[in-house]
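Student: Numbering (my numbering), first residue to last: 20 to 309. Got a structure here, written out as structure tokens. Questions coming.
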């Protein structure tokens, strides 16, 4: 087991020295473990490439399998501890949703249930909940994720918003209900999250040319929101992530569209069969939030 752990760390970090530091052993110990495995299997697993030691194709496949196996072991240990009430609840969600929807609400939970600690991983990457040790996630999508328990938290009704000064540049008498409203909005400067495809879908649905849009593409919705608040253009979002800005008057709605049939929303996602008592308490609380 020590040899397998040593090799997995060396392959992942592409360094015997890095693996030695990670595992708190010597460089020589890592090298000895890797050589022992190569002798055992009759296969070269690591090779020098420049200043680094990198896995061979066979070594890379083996390291991937080992990483998955170690992750499953760690997940099993976490699950057992959590079933005994040990450790905090671990929640993962996107940066934008955490900042704009979850954090303004979760302070109430901390006041009501100080006995249930929660850690929040705000990350736009999609996590493997069991392997990475998360009790639940809040994900944007259609809720069609196999092998997981899924509950709608809030629908993703779509709004197009802008700073009030930008909204004032619209033609006098602009009316979102006017059939020409989408074409009028399409002539405005737009701010778009590279990973959010709803803008182009909306334009195509309205019979407009997505390629003709004056757009500034940004990396992440948090940057789009910051630029929108600064008056740099119009942008599209799920209503849930701009609620605070609308109430504060930082942004105003230029277009509002209820999602009746696409099923898009923010969903509470948990591994199938998860039933820790404290997680259930938190899930019940989440279900009361609007």
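Using N, Cα and C, we set each Cβ at its ideal position, and we do this for glycine too.
Quick check for students: name the residue ranges of the beta strand (DSSP E) that lie wholly in the region 188-219, counting only runs of 3 or more.
Tutor: Segments of the beta strand (DSSP E) lying fully in the region 188-219: 209-212.
Student: State the beta-bridge partners of residue 160 as determined by DSSP.
Tutor: BP columns for residue 160 point to 284.
Student: Could you spell out the range, first to last residue, of the beta strand (DSSP E) harbouring residue 254?
Tutor: 254-257 is the extent of the beta strand (DSSP E) around residue 254.
Student: Taking the alpha carbon of residue 184 as the point to measure from, which residue in 85, 272, 80, 168 has its own alpha carbon closest?
Tutor: Residue 272 is the option with its Cα nearest to residue 184.
Student: What are the start and end residues of the alpha helix (DSSP H) that includes residue 58?
Tutor: That run of the alpha helix (DSSP H) goes 46-60.
Student: Taking 8 Å as the threshold (C-beta atoms), are residue 259 and residue 177 in contact?
Tutor: Cβ distance not < 8 Å, so residue 177 and residue 259 don't count as in contact.
Student: By alpha-carbon positions, which one of 171, 254, 43 ends up nearest to residue 233?
Tutor: Nearest of 171, 254, 43 to residue 233, Cα basis: 254.
Student: Residue range of the alpha helix (DSSP H) that residue 129 falls in?
Tutor: Unbroken alpha helix (DSSP H) run through residue 129: 122-131.
Student: Report the three-state DSSP secondary structure of residue 305 (helix, strand or coil).
Tutor: In the structure shown, residue 305 sits in a helix (DSSP, three-state: H, G or I).
Student: Do residue 212 and residue 237 have their CB atoms nearer than 8 Å?
Tutor: Their beta carbons are under 8 Å apart, which means residue 212 touches residue 237 by this criterion.
Student: Report yes or no: do three or more beta-carbon pairs, one from the region 27-43 and one from the region 75-83, lie closer than 8 Å?
Tutor: Yes, the region 27-43 touches the region 75-83.
Student: Suppose the cutoff is 7 Å on Cβ atoms and the five residues either side in sequence are ignored; what does the same chain contact list for residue 201 look like?
Tutor: Taken in chain order, the residues that qualify are 225, 227.
Student: Determine the extent of the beta strand (DSSP E) in which residue 109 is found, giving its start and end residues.
Tutor: 108-112 is the span of the beta strand (DSSP E), which, as asked, contains residue 109.
Student: For residue 108, which of 137, 291, 47 has the nearest alpha-carbon?
Tutor: Answer by Cα proximity: 137.
Student: Just to confirm before moving on: does the CB-CB distance between residue 156 and residue 117 stay below 8 Å?
Tutor: It is not a contact, given that the beta carbons lie outside the stated cut-off.
Student: Strictly by DSSP, which residues pair up with residue 74?
Tutor: According to DSSP, residue 74 bridges with 65.
Student: Between residue 52 and the rest of its own chain, which residues show a CB-CB distance below 7 Å, the 5 nearest in sequence each way excluded?
Tutor: Taken in chain order, the residues that qualify are 21, 22, 25, 26.
Student: How many angstroms separate the CA atom of residue 181 from the CA atom of residue 123?
Tutor: Whole-angstrom Cα-Cα distance: 22 Å.
Student: What is the rounded straight-line gap between the Cα of residue 76 and the Cα of residue 63?
Tutor: In a straight line, the C-alpha of residue 76 is about 9 Å away from that of residue 63.
Student: My assumption, with CB atoms under 8 Å, is that residue 210 sits in contact with residue 252. Please give the rounded CB distance.
Tutor: Rounded, the Cβ-Cβ distance is 4 Å, consistent with contact.
Student: Can you give me the C-alpha to C-alpha distance between residue 235 and residue 60, rounded to a whole angstrom?
Tutor: The alpha-carbon atoms of residue 235 and residue 60 are separated by roughly 54 Å.
Student: When you compare only the Cα positions, how much space is there between residue 120 and residue 262?
Tutor: Whole-angstrom Cα-Cα distance: 8 Å.
Student: Does the distance from the C-beta atom of residue 247 to that of residue 270 stay below 8 Å?
Tutor: Taking 8 Å as the Cβ cut-off, residue 247 and residue 270 qualify as a contacting pair.
Student: Hey, which unbroken runs of the alpha helix (DSSP H) at 4 residues or more fall wholly within the region 21-48?
Tutor: Correct list: 21-32, 35-42.
Student: What are the partner residues of residue 290, as DSSP defines its beta bridges?
Tutor: 167, per the DSSP bridge assignment.
Student: Could you tell me which of 92, 72, 66, 133 sits nearest to residue 151, measuring between CA atoms?
Tutor: Among 92, 72, 66, 133, the Cα nearest to that of residue 151 is on 92.
Student: Please classify residue 257 as buried or exposed, where buried requires at least 16 other C-beta atoms within 10 Å of its C-beta.
Tutor: When all chains shown are included, residue 257 counts as buried.
Student: In whole angstroms, give me the CA-to-CA distance for residue 283 and residue 115.
Tutor: Rounded to whole angstroms, residue 283 to residue 115 spans 16 Å at the Cα level.
Student: If we count the other Cβ atoms within 10 Å of its Cβ and call it buried at 16 or more, is residue 307 buried or exposed?
Tutor: Exposed, by the Cβ-count rule.
Student: Considering only residues of the same chain and omitting the five flanking positions on each side of residue 204, which have a CB-CB separation below 7 Å?
Tutor: The residues are 179, 253, 273, 274.
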